[in-house]
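Have a look at the structure below before the remarks.
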Amino acid sequence: MERLVVGQFSESFPPLMDGVGFVVKNYSELLLDKGHQVYAIVSGSVAEEGYEYDRNHGIDYTIRSTMVPLPGISPYGIVVKNMEFRKEVREIEFDILHTHAPFFLGRFAEQLNRHKQIPLISTFHSLYKDDFYGFTHSHTMTEHLIRMILRHYNAADEVWTPTEWSKRKLHGYGFEGEIQVVENGCDLPVPTPQEYRAYAEEGHHIVGVPKHIPLLLYIGQLKKEKNLELLIEALAIAHAHHAQFHMVFVGSGPDKAHFKRMIDDLQLKSHVTFTGKITDREQIKALLAASTLFLFPSQYDTSALVLREAAAFSLPLLNTLGSSTAGVSTDNVNGFVAKNNAKDYGRRLVQLLGQPQLCKNVGLEANSTLYRNWGDVVDEVEQRYLELKAKGPKAKRKRLNSR
0 MERLVVGQFS
10 ESFPPLMDGV
20 GFVVKNYSEL
30 LLDKGHQVYA
40 IVSGSVAEEG
50 YEYDRNHGID
60 YTIRSTMVPL
70 PGISPYGIVV
80 KNMEFRKEVR
90 EIEFDILHTH
100 APFFLGRFAE
110 QLNRHKQIPL
120 ISTFHSLYKD
130 DFYGFTHSHT
140 MTEHLIRMIL
150 RHYNAADEVW
160 TPTEWSKRKL
170 HGYGFEGEIQ
180 VVENGCDLPV
190 PTPQEYRAYA
200 EEGHHIVGVP
210 KHIPLLLYIG
220 QLKKEKNLEL
230 LIEALAIAHA
240 HHAQFHMVFV
250 GSGPDKAHFK
260 RMIDDLQLKS
270 HVTFTGKITD
280 REQIKALLAA
290 STLFLFPSQY
300 DTSALVLREA
310 AAFSLPLLNT
320 LGSSTAGVST
330 DNVNGFVAKN
340 NAKDYGRRLV
350 QLLGQPQLCK
360 NVGLEANSTL
370 YRNWGDVVDE
380 VEQRYLELKA
390 KGPKAKRKRL
400 NSR
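Numbering-wise, the sequence shown is residues 0 to 402 according to numbering that gives the first Met the number 0.
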């Protein structure tokens, strides 16, 4: 197999914990395992703090810049690319450039593509229009920023996105080019029955809740865009119907204090635990195994990695109609779907809490139909990289065709 030199460009990367960062981490490490030379050109924090994280976690493939958080979008912000960083990246003889966001580092990769004629792939991971409007509160400014990111996707040799749902979203933004769907995977192996029982025991111990109380789980960023106000209002409906449950929120985010106030105002505090950010994957496995339902009302995610992680542990999602996760689920077969309002979401939650066997059966079907490991995904990615390298970048192909 031909050995490739690949650059993965992303503002997001651990210790900044989000789905895009985990995609970049899995791409990088599995391609390295296959014998390729991979560099993750990332930020995710102050560069020195990032390198300390890398040392503590055995990561030696990053080239880091510093990201200065901005109010309103923290922990995201402006990426500072000093001369040493630029020089180190420019000296690498890449075969493939792959960007995971159309911003500072994506634009830097675009420059390398243009000046050094290296094939460029860009993956559309996030609903930027929602982010832009939430930050600017201006439709005019939002449309201006959308036009800016479309220029990045138009410059790419290939544009990827993880679902048909997100493909439609990017076309809806005005992108007219071809988009290839390359799914995301999961780094959690399916546990054996014995492992599953041990993890479930540990999960209840972590939360400190008796086994007879159903655990409801959310893992992700704590921000309004994730539709968590709807989730909390649905919890209040379930509580009013005297349903037994304990809700566990895993993660951090800019709206955590707001959600905690909502919990207090709705008198749900004794039924909810905020664990904060958990980086120990063994603890994540334990919580997945111990839970009855994964509550995921988000209309924001283009492809939630938690869908695959939950499927690994036969844990069904309660989605909202019209979301990317609902788009790959069949209601009452391998997932559950409620309308995108608190009343219906709460109604389905009450119903499902009273049907634990249905939740188990649907979770098993999710495991059979929705689980996909990262190894299979990266086999596909590797093949696509090799094919694109053989074709060359668009600009080079145009010159050859014009001769």
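Cβ atoms here follow ideal geometry from the backbone N, Cα and C, with glycine treated the same way.
Note that this is a predicted model, so its numbers are computed, not measured.
For Met16, there is no enclosing alpha helix (DSSP H), as DSSP marks it with neither H nor E. With at least 16 other beta carbons inside 10 angstroms of its own, Thr160 counts as buried. Setting aside the 5 residues that flank it on each side, Gln243 is surrounded in the same chain by Ile212, each with a C-beta closer than 6 Å to its C-beta; the list follows chain order. Exposed is the label assigned to Glu92, since fewer than 16 other Cβ atoms lie within 10 Å of its Cβ. Annotated three-state conformation of Tyr217 is strand, per DSSP. Taken through DSSP and simplified to helix, strand or coil, Ala337 comes out as strand. Beyond the five residues adjoining it in sequence on each side, Tyr217 comes within less than 6 Å, by CB distance, of Phe248, Leu294 in the same chain, given in chain order.
When DSSP states are grouped into helix, strand and coil, Tyr38 belongs to the strand group.
Annotated as distal: Leu385 and Ser290, with beta-carbon spacing of 7 Å or more. Distance from the Cα of Lys128 is smallest, within the candidate group Arg113, Leu369, Tyr299, for Tyr299. Comparing alpha-carbon positions, the option among Arg383, Lys222, Pro190 lying closest to Asp254 turns out to be Lys222. In the three-state reduction of the DSSP assignment, Leu119 falls in the strand class.
Classified as buried, Gln220 has 16 or more neighbouring CB atoms from the shown chains inside 10 Å of its CB. If you look at Gly326, you'll find it isn't in any beta strand (DSSP E); it sits in the alpha helix (DSSP H) that goes 323-326.
Inclusion of Asp186 and Asn25 in the CB contact set at 7 Å is warranted, their separation being smaller than that value.
In the DSSP assignment, Met246 is bridged to Leu215, Val271. For Gly76, no alpha helix (DSSP H) encloses it; the enclosing beta strand (DSSP E) starts and ends at 76-79. The Cβ atoms of Leu316 and Thr329 lie no closer than 7 Å to each other. Contact check for Asn366 and Ala311: beta-carbon distance about 7 Å, within the 8 Å limit, so the pair qualifies. Here the C-alpha atom of Gly71 lies approximately 14 Å from the C-alpha atom of Ala256. In chain order, Gly6, Tyr38, Ile40, Ile62, Phe107, Leu111 place their CB closer than 8 Å to the CB of Val88, counting only its own chain and leaving out the 5 sequence neighbours on each side. With respect to the 7 Å criterion, Asn318 and Val305 are not classified as neighbours on the basis of their beta carbons. Under the three-state reduction of DSSP, Val158 is assigned to strand.
Put simply, the region 121-141 does not touch the region 271-278. Fewer than three CB pairs are less than 8 Å apart. By the criterion of at least three beta-carbon pairs nearer than 8 Å, the region 194-204 is not in contact with the region 142-162.
Secondary structure at Met0: coil, using DSSP grouped into helix, strand and coil.
By the Cβ neighbour-count rule, Gly34 is exposed, with fewer than 16 other Cβ atoms within 10 Å of its own.
Excluding sequence positions up to five before and after Asn153, its CB lies within less than 7 Å of the CB of Gly176, all in the same chain and listed in chain order.
Cβ atoms of Ser251 and Lys276 come within 8 Å of each other, at about 5 Å. Relative to Pro392, the option among Asn360, Val158, Tyr52 whose CA is nearest is Val158.
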